[in-house]
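Each residue of the sequence shown is one higher than the one before, counting from 0 in numbering that gives the first Met the number 0.
The beta carbon of each residue, even a glycine, is placed where N, CA and C say it ideally should be.
Worksheet: the structure to be examined is printed underneath.
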Amino acid sequence: MTPTTQQSPQDEQEKLLDEAVQAVKVQSFQMKRCLDKNKLMDALKHASNMLGELRTSMLSPKSYYELYMAISDELHYLEVYLTDEFAKGRKVADLYELVQYAGNIIPRLYLLITVGVVYVRSFPQSRKDILKDLVEMCRGVQHPLRGLFLRNYLLQCTRNILPDDGEQGTEEMTGDINDSIDFVLLNFAEMNKLWVRMQHQGHSRDREKREKERQELRILVGTNLVRLSQLEGVNVDKYKQIVLSGVLEQVVNCRDSLAQEYLMECIIQVFPDEFHLQTLNPFLRSCAELHQHVNVKNIIIALIDRLALFAHREDGPGIPSEIKLFDIFSQQVATVIQSRQDMPSEDVVSLQVSLINLAIKCYPDRVDYVDKVLESTVEIFNKLNLEHIATSSAVSKELTRLLKIPVDTYNNILTVLQLKHFPPLFEYFDYESRKSMSCYVLSNTLDYNTTILEQEQVDAILSLVSTLIQDQPDQPADDPDPEDFAEEQSLVGRFIHLLHSEDPDQQYLILNTARKHFGAGGNLRIRYTLPPLVFAAYQLMINKITLKVSHFVFLFYCTN
């Protein structure tokens, strides 16, 4: 007796799907043949048998989707036939009543939707009642997978008959944009409940598999939001008063992290920037109420980045003056951080990175906004009791991003010096990161040939990059790599050539300040910093002698 080989789950799914699709082909063929012979009742019977395949619980979401698509294509044929028949005078009302007596609820509801859509097209005065009837009756299917696809079919079939502003229609049509919003919001709420309920089905050991399946089905729920965004009658006021409040209520109350994260990102993607600008506070307040496992950072950053791009667009209207975009985000981000005590430090800094980008793109002249972000970051670090942040840590990488933004944006170290909280943040780095950032700052100063004109500026810059200037308490005990050390000190030496004032007295103070800093650098560094400093002093001496000679000559000619 030969042993039977057990099928893999994938092979089993393919076999089940193939059997179901073959049954659909047989029944759809019979349905079409009956329709060609004008035997409508027999055709509906075969259509019901075909739809019975969707009652299965054996198929995975992916396989069920393929079966659903195959059946949807066949139902479209039935819809076209019915539309032609009703145009010829067949009574649609009788048929709408008749299909409600189909034996099983899945076939019954799919047929009701198909016939109902044709009914609305033929008798527009019935639109409001039929739409309400259909969306309510779909509550009869509470199995998550079957219910999701049934409601998706409802949404797809009704997309061209929903009441909307500016539609071409007759006075007989009933319903308005508010009915459409209510219809889609109710469908969305029910689909989201079904989607969330999927996680509780089956054995706990299959939880990871169910979460993956839910990820595959998320677009079905999100399609409702897409449909809302496509309605012309949904203006800023309706979005603010009805749509967003309804969606956010459902999102917050479902208490499911997967659903919340996806739907919040979906809101950001599908609705216009102008809508987001007018509803920042309620949206961001909802972020603070989301499940603790939701990655709120990604949601807020996505919104900030989108609005920053909108503000930066050359052909766009920009941010309205009455909307204090930066202030709103600063306050709400602080609230979110406060409400999430377990938020990773790197996520907190990531939010600050997006805030600083927003400040620079939307308010390029407001250096104080950039400094406010840095100040908030310092306060957060103090609350977290952070000291030196290791170079290899995620926090260090995010902090490096944060501090490089003003350096790269302004390309002027003197503007960076206006940021009072830049140096305190700099000090949170460990030795390696401070050294790396110091090189970055000096390289930028050299690349853009920024002339340092005042003694105070020299003192501030050399204090900032002191890791390159003198030994540090936390530096490694081993000697530095000779090539790296030479490269770092060459940067410092080249920087000395940027110290220049036209006033000889001021130039003397500048060089004297530099000498004090470099004098603490030790013998290894002095060989790189002393020559350019001596050369600058020599140049100052020549300039002073030249100035005195010129002054003497001037006086000589004046007295003779």
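- Buried versus exposed, by CB contacts within 10 Å (16 or more), Thr-278: buried
- Secondary structure at Ile-322, three-state DSSP: helix, strand or coil? The answer is coil: DSSP assigns Ile-322 none of H, G, I, E or B.
- Query: Could you give the uninterrupted runs of the alpha helix (DSSP H) lying entirely in the stretch 230-258, keeping only those of 4 residues or more?
  - Reply: 243-253
- What separation, rounded to the nearest whole angstrom, lies between the Cα atoms of Lys-44 and Met-30? 8 Å
- Message: Does the contact criterion of 3 or more C-beta pairs under 8 Å hold for the stretch 471-479 versus the stretch 501-516?
- Response: no
- Message: For a test of the three-state rule: what should DSSP assign to Leu-498, helix, strand or coil?
- Response: strand
- Query: Between the stretch 283-300 and the stretch 222-234, do at least 3 Cβ pairs fall closer than 8 Å?
  - Reply: no
- How do the stretch 186-203 and the stretch 143-158 stand: do at least 3 beta-carbon pairs fall below 8 Å, yes or no? Pairwise C-beta distances place the stretch 186-203 in contact with the stretch 143-158, as three or more of them are shorter than 8 Å.
- Output yes or no for whether 8 Å exceeds the beta carbon distance between Ile-379 and Val-369. no
- Would a C-beta distance cut-off of 8 Å place Lys-296 and Asp-346 closer than the cut-off? yes
- Among residues of its own chain, excluding the 5 on either side of Ala-19, which ones have a beta-carbon nearer than 6 Å to its beta-carbon? Glu-52 and Leu-66
- Task: Take Ile-589 and list the residues in its own chain whose beta-carbon comes closer than 6 Å to its own, dropping the five residues that flank it on each side.
- Result: The requested residue 589 is not part of the displayed model; the chain covers only 0 to 559.
- Task: Can you grab the Cα-Cα spacing for the pair Glu-431 / Thr-390, in whole Å?
- Result: 7 Å
- Assigned secondary structure, Phe-274 (DSSP; H/G/I helix, E/B strand, else coil): helix
- Message: At 4 residues or longer, what runs of the alpha helix (DSSP H) sit wholly inside the stretch 461-518?
- Response: 465-468, 481-495 and 503-518
- Query: Among Thr-376, Ser-435 and Phe-274, which one has its Cα closest to the Cα of Glu-562?
  - Reply: The structure shown does not extend to residue 562, since the chain is modelled only from 0 to 559, so the question has no answer here.
- Task: Return the chain-ordered list of same chain residues with a C-beta closer than 8 Å to the C-beta of Ser-244, the five sequence neighbours on each side being excluded.
- Result: Closer than 8 Å at the Cβ level, and outside the excluded window around Ser-244, lie Pro-281.
- Apart from the five residues just before and just after Thr-1, which ones in its own chain have a Cβ nearer than 8 Å to its Cβ? Since pLDDT at Thr-1 reaches only 47, below the 50 mark, its modelled position is unreliable, and the value read off the structure follows with that caveat. Nothing meets the Cβ criterion.
- Message: For Glu-189, count the other beta carbons within 10 Å of its own beta carbon; 16 or more makes it buried, fewer makes it exposed. Which is it?
- Response: buried
- Along the chain, where does the alpha helix (DSSP H) that runs through Asn-381 open and close? 366-382
- Message: Taking the straight line between their C-alpha atoms, what separation do you get for Gly-492 and Tyr-527?
- Response: 6 Å
- Task: Check the DSSP bridge columns for Ile-388 and list the partner residues they point to.
- Result: Phe-428
- How is the alpha helix (DSSP H) around Ser-349 delimited, first residue to last? 344-361
- How close, in whole Å, do the beta carbons of Glu-260 and Pro-60 come, if the pair is a contact with beta carbons under 8 Å? In this structure Glu-260 does not touch Pro-60 by the C-beta definition: roughly 19 Å separates them, more than the 8 Å allowed.
- Since Pro-405 and Val-415 are thought to touch, with beta carbons under 8 Å apart, how far apart are those beta carbons, to the nearest angstrom? 6 Å
- Query: How would you label Arg-433, buried or exposed, when you count the other beta carbons within 10 angstroms and need 16 or more for buried?
  - Reply: So Arg-433 counts as buried.
- Alpha carbon to alpha carbon, how far is Lys-429 from Lys-419? Note on identity: in this sequence residue 429 is Asp, with Lys being the wrong assignment. Distance between the alpha carbons of Asp-429 and Lys-419 is about 20 Å.
- Return the Cβ separation of Thr-113 and Glu-78 in integer angstroms, given the expectation that the two are a contact with Cβ distance under 8 Å. 5 Å
- Query: What's the gap between the Cα of Gln-12 and the Cα of Val-293?
  - Reply: 33 Å
- Query: Who pairs with Ile-451 in a beta bridge, going by DSSP?
  - Reply: Leu-498
- Task: Please determine if the stretch 304-314 and the stretch 333-348 are in contact, where contact requires at least 3 C-beta pairs separated by less than 8 Å.
- Result: A contact between stretches requires three or more CB pairs, one per stretch, nearer than 8 Å, and the stretch 304-314 fails this requirement with the stretch 333-348.
- Query: Nearest to Met-57 by alpha carbon, out of Asn-48, Leu-16 and Gln-26?
  - Reply: The candidate whose alpha carbon is nearest that of Met-57 is Leu-16.
- Item | Coarse secondary structure for Gly-102, derived from DSSP in three states | coil
- Query: Using the C-alpha atoms, what's the distance from Tyr-362 back to Arg-54?
  - Reply: 57 Å
- Item | Helix, strand or coil at Thr-113 according to DSSP, with G and I counted as helix | Helix.
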